[in-house]
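This report concerns only the one structure given below.
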Amino acid sequence: MILEDNPKDAELEATQIQRDGFRVNWRIASTKQEFVDELKKEKPDIILADYSLPSFNGMAALKIKQQIYPGVPFIMISGKEEADFAIQCIKAGATDYINKGRSYLLGPIVRRALQELQIYQDRIKAEKALRESEQQYRLLAETAQDLILIIDLEGNIIYANEAGAYYLGYSREMMTGMNINYFLHPNSLSVETKHREEKINLKGNNNHAFELNMVDSENRSIPYEVSSSPFIKDKKVMGVLYIARNISKRKEAESKLRNSMNQIKKTMNATIMTMAKVVETRDPYTAGHQRNVSRLATLIAREMGLSANEIEGIRVASLLHDIGKLDIPSDLLSKPRRLTDVEFNLIKSHPQIGYDILKNIDFPWPVSQLILQHHERLDGSGYPGGLIGKEIQLGAKIIAVADVVEAMSSHRPYRPALGLEKALQEIQDYSGILYDKEVVKNCIYLIKEKEHQVSLEIVNMI
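Structural data, given as structure tokens:
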């Protein structure tokens, strides 16, 4: 089953899987209703879902899948390169995640997902066998590669499978009778106790897996993902059944992915700073302007309680908000006299030029839109679109205030610095008219009441 609004992309994904030796029969859906209808027609072996569709998205599809076919593997496909986003998908229940630019990895990922499905199905069978017959369960459990434990009400191990114990460096006999705490890392003691008590008291989600760090016979900490359920005998809760899988390799992969994304982020930041410096070299009178605007805009966004992701988008956009001036003649930027109407109209084109320069870069934030809108004003008197009120994005409203405060406080070729007090008076006088009230309020509060937290360049404007 492929959730995709582009049939060619869906066909390409099916072809990539076929190249890895699979026989593929596939169906496609592009809307929520089509997705639900197709699922009800026939249970798929695996689902490939594009994260972003015009009227639907992969996360919503994942929730629907979990309700209808919780065991079916679900592969999230996206153009995003963020490690945290990939981890978010996995934690939400996706089997795996792949970037669209790496479709050649689809075959191996599908193979692994189907193998994990088989292991999952085997685990479900083992749990059912335990409920039906302890003897039959023991036979299945002994052949399982996962660590299977039955813990009594006090945390003592009353059963451990041989294979699971072996991978921790113990025998089944050595583990049986010992308290589970002996085999847990100190940071996992309270976690295990909490989950055990929930299962004993028949609380919590029986399908919810949690993570523990166990300690092997050589005192090495090993991460495990644990599923649990009450151990019932003669209709009475006697303890807890744990089925624990070693996830060391998955943790290593997550760490490598996170490190890789951090490196990409560093490279992107360096590129952004370089672009910002290029703009400043064309206009020496405003050297440092973009950086100062970015610092102030970031502080305002943080003071307003925006999310870390929103703040980062505002930081990046404000660092580049004047990039459109690259297309403006440098002698015009540094002209020591007031500009003519024709010249000013040329200067006013820089938000549109900046948007055109950056619109095709796939930032994880609306950078080009914020740059396009940073000279818009609430009453529609701004440019280039004459937007009003809610048509202007909050990030652009923040950058607009920071831009005005920094520009008025600094020297320009055609006038001396007006000073921070006049800049603050300007945004206060036109609060709710040109500038967003909340943004103005937080900007003034930051500079006048929390100046010790504002960066040196901004404080020195006072």
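Counting in the working numbering, the sequence shown runs from 109 upward without gaps. The C-beta atom is built at its ideal place from N, Cα and C for all residues, glycine as well.
Check                                                                                                             : Outcome
Reduced DSSP secondary structure (H/G/I, E/B, other) of P472                                                      : coil
Proximity winner among R399, Y463, L414, L480, relative to A510 (alpha-carbon distances)                          : R399
Residue(s) in a DSSP beta bridge with N400                                                                        : None, per the DSSP bridge assignment.
Alpha carbon of E499 to alpha carbon of I506, nearest angstrom                                                    : 14 Å
Three-state secondary structure assigned by DSSP to Y177                                                          : coil
Straight-line gap, P294 to M283 (C-alpha atoms, nearest Å)                                                        : 18 Å
Beta-carbon proximity check, G263 vs R304, cutoff 8 Å                                                             : yes
Three-state secondary structure assigned by DSSP to E418                                                          : helix
Beta carbon of L427 nearer than 8 Å to that of S402                                                               : yes
Residue burial classification, F452 (beta-carbon count within 10 angstroms, cutoff 16)                            : exposed
Given 8 Å, three or more beta-carbon pairs between the stretch 123 to 130 and the stretch 216 to 236              : yes
Proximity below 8 Å, CB of S517 to CB of L526                                                                     : yes
Pick from P472, L502, F471 that is closest to R485, judged by C-alpha positions                                   : L502
Closest by C-alpha distance to D430, when choosing among L466, I419, R446, E420                                   : L466
When T406, L440, Q226 are compared against V424, the one with the closest alpha-carbon                            : T406
DSSP state of M184 mapped onto helix, strand, coil                                                                : strand
Cβ contact check for the stretch 162 to 172 and the stretch 195 to 203: 3 or more pairs under 8 Å                 : yes
A273 beta carbon near the ligand GDP (any heavy atom closer than 7 Å)                                             : Ligands are entirely absent from the displayed structure, and the ligand GDP is therefore not among its contents.
Rounded separation between T375 and F471 - CA only                                                                : 13 Å
For M376, the three-state DSSP class (helix, strand or coil)                                                      : helix
Cα-Cα separation, G497 to H482                                                                                    : 13 Å
Rounded C-alpha distance that separates P474 from E418                                                            : 9 Å
Simplified DSSP state of A268, which is helix, strand or coil                                                     : strand
Delimiting residues of the beta strand (DSSP E) encompassing F339                                                 : 329 to 341
Meets three-Cβ-pair contact criterion under 8 Å: the stretch 326 to 344 and the stretch 370 to 387                : no
Candidates G277, E281, T301, S279: closest to I288 by CA position                                                 : T301
Nonlocal neighbours in the same chain, by C-beta distance under 6 Å from E565, ignoring five residues either side : Confidence is the limiting factor: at E565 the pLDDT is only 45, short of 50, which leaves the residue's position unreliable, though a coordinate-based value still follows. Within the same chain, E565 has close Cβ partners N400.
C-alpha gap between Q477 and L528, whole angstroms                                                                : 28 Å
Collapsed DSSP secondary structure at V345 in the structure displayed                                             : strand
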